[in-house]
Amino acid sequence: MSQANLTAQLLGLGGAKADSFNRLSMNSLAVLLNNAGAGIEATVNKAAAGNDAAFAFKTGFSARALIGLLGNDNFSFKVSPNGSSFFDAIVVDHTNGQEELPQPTVLPGLNAEPAQPPSGKTSVYGRNRAGAPWIDVMRPSEREFPLQPHFGMNRIADWSPSITTTITTEGLPVTNVGTVSHPTLAATKLAASMRRLRLTSAAVVDSVAEQR
C-alpha cells in the first residue's frame with residue numbers, strides 16, 4: 087500500500103464537526119488502534135505539572151469520572167455526581183507508587199472464606215460473622231484472623247462471675263469441673279468488695295477443681 091501524508095488543521099469523521107477546541111472530532115461505534123507488528127503506545131502529554139493530562143468519561147457531556155495527571159504529576163481517579171464537584175477516589179504518588187484512598191473504603195461482607203492469596207501476599211476483606219461484617223486478613227497459608235478484637239477468633243476470653251453457680255464467659259467455651267460458688271460481697275476491704283468466683287473439688291482422692 088502506498089504511503090500518503092495528510093496535514094489538516096481540523097478533522098471531523100463520521101459526520102462529526104471539528105472546531106478550534108476539538109480539532110479532532112469523530113462519531114463512531116468504536117475506535118481501533120492496532121499494533122504494526124510489535125507493541126503500541128498512545129501518548130497524552132501536558133506542558134507543565136500544573137496542567138491536566140486526562141481522560142474524561144461523561145454522560146450527556148457532563149463529566150462523571152476523570153483519570154490521569156490532574157493538576158499535578160500524581161495519577162488520580164476522580165468521580166463527580168454533577169460534572170462540577172469532584173471526589174478523589176484514588177491517588178497514586180508519582181515519586182514512590184504509594185496509593186492513597188481519600189474516601190472510606192466499603193468492603194462487602196463475604197459469607198464464605200475466599201481463596202488464599204499467592205505466596206508473599208496478604209488479602210484484606212470483609213467477612214460476615216454473627217450477622218455482622220468483620221475486617222479479616224488472610225495469609226498464603228490460608229490462616230485468617232480479624233483485625234478487630236474479636237474474642238473468639240483471637241483466643242481471648244472474659245470471665246464474669248455472677249451471684250449464682252454459673253460463670254458467664256465471652257470468647258471461649260468453658261467447662262467447670264468442681265463446685266462453683268461466689269463469695270458474698272462485703273465493703274470491709276477491697277478484695278471482698280469485688281465479685282469473684284470459687285471452684286471447690288469433691289472431698290475424694292484425685293478430684294480436681296478447674297475450668298476447661
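So the sequence shown is residues 87 to 298, counted in the numbering used here. Just so you know, even glycine gets a beta-carbon here, dropped at the ideal spot from N, CA and C.
> Is the region 131 to 141 touching the region 107 to 120 in the sense that three or more CB pairs, one from each, lie closer than 8 angstroms?
Replying inline: no
> Of the choices Arg282, Leu233 and Thr261, whose alpha-carbon is the least far from that of Ala272?
Replying inline: Arg282
> So which of Glu256, Ser162, Gly157 and Ser111 has the shortest CA-CA distance to Lys132?
Replying inline: Gly157
> Beta carbon of Asp138: closer than 7 angstroms to some heavy atom of the ligand MN?
Replying inline: With respect to small molecules bound, the structure shown includes none, and the ligand MN cannot be examined in it.
> Span of the alpha helix (DSSP H) holding Ala175?
Replying inline: Where Ala175 is concerned, there is no enclosing alpha helix (DSSP H), although the beta strand (DSSP E) it sits in stretches over Phe173 to Val178.
> Considering Ala278, what are the terminal residues of the alpha helix (DSSP H) in which it resides?
Replying inline: Leu276 to Ser279
> So does the region 280 to 296 actually touch the region 259 to 272, counting three or more Cβ pairs closer than 8 angstroms?
Replying inline: yes
>> Please report the straight-line C-alpha distance between Ala102 and Asn168, rounded to a whole angstrom.
In response: 26 angstroms
>> Which of the three DSSP states is assigned to Leu155 in this structure?
In response: strand
> Going straight from the alpha carbon of Gln184 to that of Ala218, what length do you get?
Replying inline: 31 angstroms
>> Let's test the definition: count the other Cβ atoms within 10 Å of the Cβ of Thr179 and tell me whether it reaches 16, buried, or not, exposed.
In response: The displayed chain sequence assigns Asp, not Thr, to residue 179. That one is exposed.
>> At 4 residues or longer, what runs of the alpha helix (DSSP H) sit wholly inside the region 111 to 155?
In response: none
> Going along the chain, which residues of its own chain have a beta-carbon closer than 7 angstroms to the beta-carbon of Pro247, five neighbours each way excluded?
Replying inline: Ile253, His268, Arg281, Arg282 and Leu283
> Are Ala149 and Phe163 touching if we call contact CB-CB under 8 angstroms?
Replying inline: no
>> Using CA atoms only, rank isn't needed, just tell me which of Tyr211, Pro226, Gly212 and Glu186 is closest to Pro204.
In response: Pro226
> Roughly how many whole angstroms lie between the Cα atoms of Met112 and Gly100?
Replying inline: 6 angstroms
> What separation, rounded to the nearest whole angstrom, lies between the Cα atoms of Thr129 and Asp159?
Replying inline: 15 angstroms
> How would you write the range of the beta strand (DSSP E) that Gly206 sits in, first residue to last?
Replying inline: Counting along the chain, Gly206 falls outside any beta strand (DSSP E), and DSSP gives it neither H nor E.
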